[in-house]
Each structure stands twice: as C-alpha cells, then as structure tokens.
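Participant: This is the structure I have questions about; it appears just below.
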Amino acid sequence: MEPMFPSDLITAIDHVGLAVADLDEAIDFYREHFGFALQHQEVNAEQGVREAMVSVGASGVCLQLLAPLSAASPIAKFLERSGPGMQQLAYRVTSIERAMAAVRATGLRLLYDEPRRGTAGSRINFIHPKDAGGVLVELVEPAPPDIEPDGDSALAR
Numbered sequence: 005m006e007p008m009f010p011s012d013l014i015t016a017i018d019h020v021g022l023a024v025a026d027l028d029e030a031i032d033f034y035r036e037h038f039g040f041a042l043q044h045q046e047v048n049a050e051q052g053v054r055e056a057m058v059s060v061g062a063s064g065v066c067l068q069l070l071a072p073l074s075a076a077s078p079i080a081k082f083l084e085r086s087g088p089g090m091q092q093l094a095y096r097v098t099s100i101e102r103a104m105a106a107v108r109a110t111g112l113r114l115l116y117d118e119p120r121r122g123t124a125g126s127r128i129n130f131i132h133p134k135d136a137g138g139v140l141v142e143l144v145e146p147a148p149p150d151i152e153p154d155g156d157s158a159l160a161r
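Numbering of the sequence shown is given in my numbering, commencing with residue 5 and proceeding in unit increments.
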C-alpha cells in the first residue's frame with residue numbers, strides 16, 4: 005500500500021495541542037517546571053481560542069496551549085467532555101493544498117473544505133479523529149517568513 009503522503013510533504017511534528025482552562029496558568033507551569041520558553045501568543049477568534057506556543061528545548065517542536073474564549077468554543081467543549089490534556093497532534097507540511105488532496109484521495113475526511121488561519125499566520129486543516137484512530141490530526145503549513153502573524157495575507161495565496 006502506498007503511503008497517503010509523499011515523502012516530501014510532511015516535514016516534522018509541528019506541535020502538540022493541549023487544552024487548558026487557564027492559559028496564563030498553563031504558560032507559567034511550563035515555564036517554571038520545564039523551562040519552556042514562550043514563543044508566541046494570540047487570540048484566534050475564528051477558532052474560539054486564546055493560544056500560546058511554548059518551545060520544547062531547541063527541538064523545533066512546540067506545545068500549543070489552547071484556552072477557550074467562550075463556552076461555545078470547541079476547546080470549551082473538549083474540556084467539558086475530556087478535561088484538560090492532549091487535544092491534537094500537528095504535522096508540519098510543505099503545502100496544505102497538497103496535503104488536503106492526499107487526504108481526500110484516500111477517502112478520509114477533513115474538518116474544513118478550505119484551509120483556515122492557524123497560529124502566527126499558518127494555514128491549517130484537520131483530519132477527522134474518527135478517520136485517524138481517535139486522534140485529531142492537524143496539518144500545518146507555516147506562514148512564509150515575510151507574512152505578518154495576523155494571517156490575513158497567508159490565506160489570500
């Protein structure tokens with residue numbers, strides 16, 4: 005069986021997403037106990053979250069800490085259902101369009117028809133957890149270095 009993704013499409017584990025009730029408390033916890041550095045923090049109203057990326061040493065991998073903006077947020081619903089903890093595993097891809105086409109070609113479901121704005125102007129989509137062994141798999145195409153972190157111009161490509 006051929007792999008779903010060509011070998012040049014997934015380049016790394018980008019981050020592990022953790023659902024948390026209190027973002028500031030979670031940032032402090034990972035700083036104080038593990039020495040992780042805060043790399044980025046933002047509000048993503050479209051996704052209904054306040055989020056922070058903390059680096060795991062010099063590995064290039066981050067933890068994404070996700071706190072809900074409201075009770076209607078998918079993260080709020082996750083916290084109600086499962087409590088705090090791992091919410092997603094994200095793979096870095098060279099092209100979100102190619103990754104989405106590869107997923108669709110195998111008959112797996114994506115959560116969105118088109119890429120959405122992710123952290124720091126990245127472009128993202130998710131493989132449905134029912135099609136991925138119960139894991140919410142995020143596909144992340146990082147923003148080019150010249151794109152502002154608001155992500156508006158990243159979606160216009």
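Where is the CB? At the ideal position from N, CA and C, for every residue including glycine.
Of all the options Gln51, Glu142, Pro119, Arg113, which has the alpha carbon lying nearest to the alpha carbon of Ala76?
Facilitator: Ala76 has its Cα closest to that of Gln51, out of Gln51, Glu142, Pro119, Arg113.
Participant: Taking three-plus beta-carbon pairs below 8 Å as touching, is the region 32–45 in contact with the region 87–98?
Facilitator: no
Participant: Is Val144 helix, strand or coil by DSSP?
Facilitator: strand
Participant: Counting along the chain, where does the beta strand (DSSP E) carrying Ser59 start and finish?
Facilitator: DSSP places Ser59 in the uninterrupted beta strand (DSSP E) bounded by 53–59.
Participant: Going by C-alpha to C-alpha distance, which of Gly39, Asn48, Arg54, Pro7 sits closest to Val24?
Facilitator: Arg54
Participant: When DSSP labels each residue in this structure, what does Tyr116 get in the three-state scheme?
Facilitator: coil
Participant: How many angstroms separate the CA atom of Gly87 from the CA atom of Arg102?
Facilitator: 34 Å
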